[in-house]
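The structure appears below as structure tokens.
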């Protein structure tokens, strides 16, 4: 997931509102130059239903579903993915995610 691409209020609005489970919380603030910066990007994996609508709605391909479906944890808090945890997860699965996107590119 490349959260650095999440820059406009349009992106924030579309991705946040498309989630039927309301699992995504996104906040952004305006910079001095008028551009926007994502300041909060959280996904509550206990609410996520893995429908993929966020991936389809993201106009800059910053959100992709990864191959990680192992969500057995000891605490509820471990399933709350903030911006840092999402970036770390993206780095961990980057190669496999890129291959999945390439193989599905004909169908997008």
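In mature numbering (1 follows the signal peptide of the UniProt record, and there is no 0), the protein residues as written are -23 to -1, 1 to 85.
Note that the Cβ used here is the ideal one computed from N, Cα and C, for glycine as well.
Between the CA atoms of residue 80 and residue 74 - distance to the nearest angstrom
Numbered from its first residue, the chain shown carries residue 74 at position 97. Numbered from its first residue, the chain shown carries residue 80 at position 103. One alpha carbon belongs to residue 74, the other to residue 80, and they sit about 10 Å apart.
Pull up the DSSP beta-bridge partners for residue 21, would you.
For the purposes of this step, residue 21 is identified with residue 44 of the chain shown, where counting begins at 1. BP columns for residue 21 point to 57.
When you compare only the Cα positions, how much space is there between residue 61 and residue 41?
In the chain shown, residue 61 corresponds to position 84, counting from 1. In the chain shown, residue 41 corresponds to position 64, counting from 1. One C-alpha to the other measures close to 16 Å.
Closest to residue 67 by CA distance: which of 51, 39, 48, 21 is it?
Translated into the one-based positions of the chain shown, residue 67 becomes position 90. For residue 67, the closest of 51, 39, 48, 21 by C-alpha to C-alpha distance is 39.
Measure the alpha-carbon distance for residue 50 versus residue 19 and round it to whole angstroms.
For the purposes of this step, residue 50 is taken as the residue at position 73 of the chain shown. For the purposes of this step, residue 19 is taken as the residue at position 42 of the chain shown. If you draw a straight line from the Cα of residue 50 to the Cα of residue 19, it comes to about 18 Å.
By the DSSP assignment, the alpha helix (DSSP H) with residue -1 in it spans what residues?
Indexing the chain shown from 1 puts residue -1 at position 23. Segment: none, residue -1 is in no alpha helix (DSSP H) and carries neither H nor E.
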